[in-house]
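S.K.: For the sequence shown, this note's numbering assigns the number 3 to the initial residue and increments by one for each residue that follows. Just passing along the structure, written as structure tokens.
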Amino acid sequence: MIVKEKNEGAKIPYTVKGSKITFDDELMVNVQRFERDDPAHIDICRDRFGNLVTGVIPGYAEMYVAQIDIPARAYTETVIDVPAPAAEDQDGEDSASSGGMERQTVQRDAVPFDMNKCTLTLWAVGEEE
Numbered sequence: 003m004i005v006k007e008k009n010e011g012a013k014i015p016y017t018v019k020g021s022k023i024t025f026d027d028e029l030m031v032n033v034q035r036f037e038r039d040d041p042a043h044i045d046i047c048r049d050r051f052g053n054l055v056t057g058v059i060p061g062y063a064e065m066y067v068a069q070i071d072i073p074a075r076a077y078t079e080t081v082i083d084v085p086a087p088a089a090e091d092q093d094g095e096d097s098a099s100s101g102g103m104e105r106q107t108v109q110r111d112a113v114p115f116d117m118n119k120c121t122l123t124l125w126a127v128g129e130e131e
């Protein structure tokens, strides 16, 4: 995982185990569950009650703690030859001359999730009051 520090100062303690990040032994995020066909972004904030929350909640989220950026899901593409069905002639019989041709299709398979491609941005956290 790529780790960036947004600004100077103490950062929230965190641990990483597999695809899960635990912040300050309070909030766990399974990053793999958020992987989509488009890039995903998760905000981790401290609310006005001192709790860690995901998302920016107006009136409650008071400061950023971290942000997680997950790249879009990657795919491998394999070209596959698929036999075309034989065409029927006017009598409803299969016409050997028009069938048996092959056409191609593309099979897309998702690449396994890679935590090393995700970015964790840490913000400085102030002293709790």
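Cβ coordinates follow ideal geometry from the N, Cα and C atoms, glycine included.
Quick one: is residue 68 buried, meaning 16 or more other Cβ sit within 10 Å of its Cβ, or exposed?
M.R.: By the neighbour-count rule (16 or more Cβ atoms within 10 Å), residue 68 is buried.
S.K.: Might you give, ordered along the chain, the residues of its own chain that have their beta carbon closer than 6 angstroms to the beta carbon of residue 73, omitting 5 neighbours on each side?
M.R.: Once the five neighbours on either side are set aside, the close Cβ partners of residue 73 are 41, 119.
S.K.: Taking the beta strand (DSSP E) that residue 38 falls in, what are its first and last residues?
M.R.: No beta strand (DSSP E) holds residue 38; DSSP gives it neither H nor E.
S.K.: Could you give the DSSP three-state label for residue 1: helix, strand or coil?
M.R.: Given a span of 3 to 131 for the chain in the structure shown, any question on residue 1 remains unanswerable.
S.K.: Name the residue from 27, 48, 23 whose alpha carbon lies nearest to the alpha carbon of residue 36.
M.R.: That would be 23, whose Cα lies nearest to the Cα of residue 36.
S.K.: If I follow the unbroken beta strand (DSSP E) through residue 114, where does it start and stop?
M.R.: Note, residue 114: premise wrong, no beta strand (DSSP E); not H, not E.
S.K.: On a Cα-Cα basis, can you pick out the residue from 78, 76, 80, 103 that is closest to residue 87?
M.R.: Nearest of 78, 76, 80, 103 to residue 87, Cα basis: 103.
S.K.: Answer with buried or exposed for residue 77, where buried requires no fewer than 16 other C-beta atoms within 10 angstroms of its C-beta.
M.R.: By the neighbour-count rule (16 or more Cβ atoms within 10 Å), residue 77 is not buried but exposed.
S.K.: What residue range does the beta strand (DSSP E) around residue 14 cover?
M.R.: Run containing residue 14: none; DSSP gives neither H nor E here.
S.K.: Look at residue 48 and residue 62 and say whether their C-beta atoms are less than 7 angstroms apart.
M.R.: Contact: no.
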